Amino acid sequence: MNRSFEGLRGIAALFIVVHHMFCAWPHPLSANAYLAVDLFFVLSGFVISSACGPQLSNLASLRTFMIRRIGRLWPTHIATTVLALIVARHLPAFGEALALATMSQGLNVFQAGIGNPVSWSASDEMYVYFVFGAGCILMRGRTRMVVFAALGLTAWALAAWIEIDRACLLQGGCLSKLVHQFGWLRCIAGFFIGALIYEFRDRLIAWVSHSVFQVTAFSAALFLLISADVLPGSALTAPLTFGALIGALISDRGPVSHILQTPAAQYLGKVSYPLYLAHGVMLPLVVSMPADVGFADQLVTYALFLFWAFAAAHVLHNYVEVPFRNRFNAWSQMLSHATSSQVPQR
0 MNRSFEGLRG
10 IAALFIVVHH
20 MFCAWPHPLS
30 ANAYLAVDLF
40 FVLSGFVISS
50 ACGPQLSNLA
60 SLRTFMIRRI
70 GRLWPTHIAT
80 TVLALIVARH
90 LPAFGEALAL
100 ATMSQGLNVF
110 QAGIGNPVSW
120 SASDEMYVYF
130 VFGAGCILMR
140 GRTRMVVFAA
150 LGLTAWALAA
160 WIEIDRACLL
170 QGGCLSKLVH
180 QFGWLRCIAG
190 FFIGALIYEF
200 RDRLIAWVSH
210 SVFQVTAFSA
220 ALFLLISADV
230 LPGSALTAPL
240 TFGALIGALI
250 SDRGPVSHIL
260 QTPAAQYLGK
270 VSYPLYLAHG
280 VMLPLVVSMP
290 ADVGFADQLV
300 TYALFLFWAF
310 AAAHVLHNYV
320 EVPFRNRFNA
330 WSQMLSHATS
340 SQVPQR
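The numbering used here puts the first residue of the sequence shown at 0, with every later residue one more than the last.
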């Protein structure tokens with residue numbers, strides 16, 4: 000396992016939590032942290048390609064892959080969705096409940112978010128997994144790389160076109176509106192750019208893993224997360240900027256890797272998915288806070304929000320995410336063995 004990627008995933012989750020924590024009282028340093036979602040997508044594309052791509056060769060392996068992916072995302076999604084609905088005191092209609100159960104709520108099904116307001120990205124990623132898996136069993140070598148590149152760059156271009164048409168170059172916040180509607184373009188763009196980086200990893204590692212490039216790529220990513228709002232259109236470069244950072248961390252060595260391998264960063268990485276979803280449960284309450292409250296009240300709100308996010312993430316990780324992931328993995332392995340035992344022996 001690349002420990003740098005684990006730490007990077009945790010830092011990305013923390014950026015998003017902080018971004019939403021300041022929704023009621025915006026802060027310049029957190030205004031662009033929504034772009035950390037795009038970092039998630041690119042990182043996921045690389046990691047999934049590395050861990051699962053070589054094993055995807057037929058329909059049986061695709062089934063195993065999808066069962067494991069569902070086991071990774073679905074249980075925590077359902078748990079936090081139920082909590083979010085309780086907090087919002089909302090009983091979903093049949094169509095909403097069906098979308099939430101099938102994790103399709105992020106696929107332009109509804110005008111606004113339903114359930115957990117941040118779960119749209121997990122929804123999009125679930126279905127991109129299937130597209131990726133199908134691509135792996137249908138294509139090999141150069142054909143696969145060309146198709147992945149076409150998917151990633153086309154989605155990126157469409158996302159940019161939609162946002163430019165919405166005048167984001169003048170108003171700022173490029174990509175921030177692509178969530179419940181057209182957020183899947185961000186997911187496809189980031190994921191397949193990450194997958195493409197994996198395909199070229201052997202050619203890249205010789206020069207992008209140098210300490211100078213690593214520090215430069217990390218600085219560029221951090222600069223984008225901090226200052227995209229004052230540089231019109233720079234947010235549109237997020238998938239490529241984060242792709243450069245991930246390429247620089249492939250070797251799992253170097254000054255930035257050392258930071259990401261610290262115990263704190265590794266813990267954040269371990270609980271990143273439940274942390275991301277858990278903080279969304281209380282997000283409506285934070286957003287609805289009055290803008291004119293005193294500084295002391297703001298600090299109390301921040302403290303309670305962070306306490307909830309990390310406490311819930313810890314509980315979800317230990318009692319939902321890991322146990323159910325293990326069960327789904329065992330189920331996929333059992334089905335795989337059952338399938339192989341039915342193959343006639345020569």
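By construction, the Cβ of each residue, glycine as well, lies at the ideal position given by its N, Cα and C atoms. The structure presented is a predicted model; accordingly, all values stated were derived computationally and were not measured.
Cutoff 7 Å; reference residue 238; Cβ partners in own chain excluding five residues on either side:
37, 41, 155, 188, 189 and 192
Using a Cβ distance threshold of 8 Å, determine whether the region 220–240 contacts the region 170–177, with at least three qualifying pairs required.
yes
Return the Cβ separation of residue 182 and residue 105 in integer angstroms, given the expectation that the two are a contact with Cβ distance under 8 Å.
The Cβ separation is near 6 Å, so the contact holds.
State buried or exposed for residue 276, treating a residue as buried only when at least 16 other CB atoms are found within 10 Å of its CB.
buried
Output needed for residue 57: all residues of its chain with C-beta closer than 8 Å, excluding positions within five of it in sequence on either side, in chain order.
Apart from sequence neighbours up to five positions away, the residues of its chain that approach residue 57 with a beta-carbon distance below 8 Å are 136, ordered along the chain.
Rounded to the nearest angstrom, what separates residue 294 and residue 301 at their Cα positions?
11 Å
In whole angstroms, what is the alpha-carbon distance linking residue 332 and residue 107?
34 Å
Could you work out which residue in 163, 72 and 92 is closest to residue 122 when comparing CA atoms only?
Among 163, 72 and 92, the Cα nearest to that of residue 122 is on 72.
Output needed for residue 251: all residues of its chain with C-beta closer than 7 Å, excluding positions within five of it in sequence on either side, in chain order.
1, 2 and 3
Can we say the region 116–135 touches the region 157–170, given the rule of at least three CB pairs closer than 8 Å?
no
Mapping the DSSP letters down to three states, classify residue 11 as helix, strand or coil.
helix
Residue 117 by DSSP, collapsed to three states: which one?
Residue state for residue 117 is assigned as coil, using DSSP reduced to three classes.
Using the C-alpha atoms, what's the distance from residue 309 back to residue 219?
28 Å
Residue 281, DSSP secondary structure in three states
coil
Expressed to the nearest angstrom, what Euclidean distance is found between the alpha-carbon atoms of residue 45 and residue 103?
23 Å
Among 247, 77, 117 and 169, the one whose alpha carbon lies nearest that of residue 231
Across the set 247, 77, 117 and 169, the C-alpha of 169 shows the shortest separation from the C-alpha of residue 231.
So which of 48, 272 and 221 has the shortest CA-CA distance to residue 311?
272
Return the residue from the list 64, 27 and 317 that minimises the CA-CA distance to residue 329.
64
Note down, one range per segment and in chain order, each alpha helix (DSSP H) of at least 4 residues found wholly within the region 252–321.
Whole alpha helix (DSSP H) segments, 4+ residues: 254–259, 262–269, 271–280, 282–286 and 294–315.
Return the CA-CA distance between residue 95 and residue 212, expressed in angstroms with no decimal places.
Roughly 46 Å between the two C-alpha positions.
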